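**Q**
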Amino acid sequence: MGDNTIGGGWIWAFLIIALIFGLGGNGGLFGSGNGATEAAINAAVNNQSLQNGQRDILLSSANNNYETLQQINQQSMNMMQQQNTNLINAIQGFNQVNLQNANQFAELRQQIAQLGFQMESCCCSIKTQMLQDKYDELAEKYRTVQNDASNAAQSQYLLSVMGKWVANPAAASA
Numbered sequence: 094m095g096d097n098t099i100g101g102g103w104i105w106a107f108l109i110i111a112l113i114f115g116l117g118g119n120g121g122l123f124g125s126g127n128g129a130t131e132a133a134i135n136a137a138v139n140n141q142s143l144q145n146g147q148r149d150i151l152l153s154s155a156n157n158n159y160e161t162l163q164q165i166n167q168q169s170m171n172m173m174q175q176q177n178t179n180l181i182n183a184i185q186g187f188n189q190v191n192l193q194n195a196n197q198f199a200e201l202r203q204q205i206a207q208l209g210f211q212m213e214s215c216c217c218s219i220k221t222q223m224l225q226d227k228y229d230e231l232a233e234k235y236r237t238v239q240n241d242a243s244n245a246a247q248s249q250y251l252l253s254v255m256g257k258w259v260a261n262p263a264a265a266s267a
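Quick note: to get our numbering, add 93 to the position in the sequence shown (first position is 1).
#1: Determine the extent of the alpha helix (DSSP H) in which Ala133 is found, giving its start and end residues.
#2: So, helix, strand or coil for Ala263, using DSSP?
#3: In whole angstroms, what separates the C-alpha of Leu251 from that of Ala245?
#4: Could you tell me whether the Cβ atoms of Ile104 and Ala137 are closer together than 8 Å?
#5: State the CB to CB distance for the pair Leu108 and Ile134, rounded to an integer number of angstroms; the pair is presumed to be in contact (CB under 8 Å).
#6: Rounded to the nearest angstrom, what separates Thr161 and Glu200 at their Cα positions?
#7: For Met223 and Cys216, I'd like the C-alpha separation in whole angstroms.
#8: In angstroms, rounded to a whole number, what distance separates the CA positions of Phe210 and Ile184?
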């Protein structure tokens, strides 16, 4: 948990050196009779242990905070990805509906144009048939009038050639 080279590790090195060369009494690092007491060393060790514990607690808290933030970031990223996927799917759905509508309207326009052409052809055919019927009727009347005129002319010719003709001549007196 802790880093033994910086922080808590130096106190142990100090204690080992102090024990090797002696702490009090007759020489050592602290001189004769002016050395650190056992209580002072214990207090220093306890103080160092408390500081190490506090550092470990702070480090653990910082690690927990970091991990929590990483999980929140991952969850936020997952939610954004899902939202983006949902948005893309919705846009693709709208695009598909728009494409279907455009295709249906294009087909409807084509069918309306075809219907207009068929109506024009139908009307044109009806007009043509009506004109043909009128022409045929007038041609028949013309032939009838022409035949009547021809018959009248022939009758006139025959009557003029025959002279006076009486249909029921009177009986001759004897």
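By construction, the Cβ of each residue, glycine as well, lies at the ideal position given by its N, Cα and C atoms.
Just so it is clear, the structure is predicted and the values come from calculations on it, not from any experiment.
**A** With the structure as the only source:
#1: Position 40 of the sequence shown holds residue 133. From DSSP, the alpha helix (DSSP H) with Ala133 extends over 131-255.
#2: Position 170 of the sequence shown, counting from 1, holds the residue named residue 263. Under the three-state reduction of DSSP, Ala263 is assigned to coil, being neither helix nor strand.
#3: Residue numbering aside, residue 251 sits at position 158 when the sequence shown is read from its first letter. Residue numbering aside, residue 245 sits at position 152 when the sequence shown is read from its first letter. Going by the C-alpha atoms only, they are around 10 Å apart.
#4: Residue 104 sits at position 11 when you count from the first residue of the sequence shown. Residue 137 sits at position 44 when you count from the first residue of the sequence shown. Yes, they are a contact pair.
#5: For this step, residue 108 is matched to residue 15 along the sequence shown. For this step, residue 134 is matched to residue 41 along the sequence shown. About 7 Å separates the two Cβ atoms, so the contact holds.
#6: Stepping through the sequence shown from its first residue, residue 161 is reached at position 68. Stepping through the sequence shown from its first residue, residue 200 is reached at position 107. Cα to Cα, the separation comes out at about 58 Å.
#7: Position 130 of the sequence shown, counted from the start, is the residue given in the question as residue 223. Position 123 of the sequence shown, counted from the start, is the residue given in the question as residue 216. So the alpha carbons of these two residues sit roughly 10 Å apart.
#8: By 1-based counting over the sequence shown, the position of residue 210 is 117. By 1-based counting over the sequence shown, the position of residue 184 is 91. Each residue's Cα considered, the two are about 39 Å apart.
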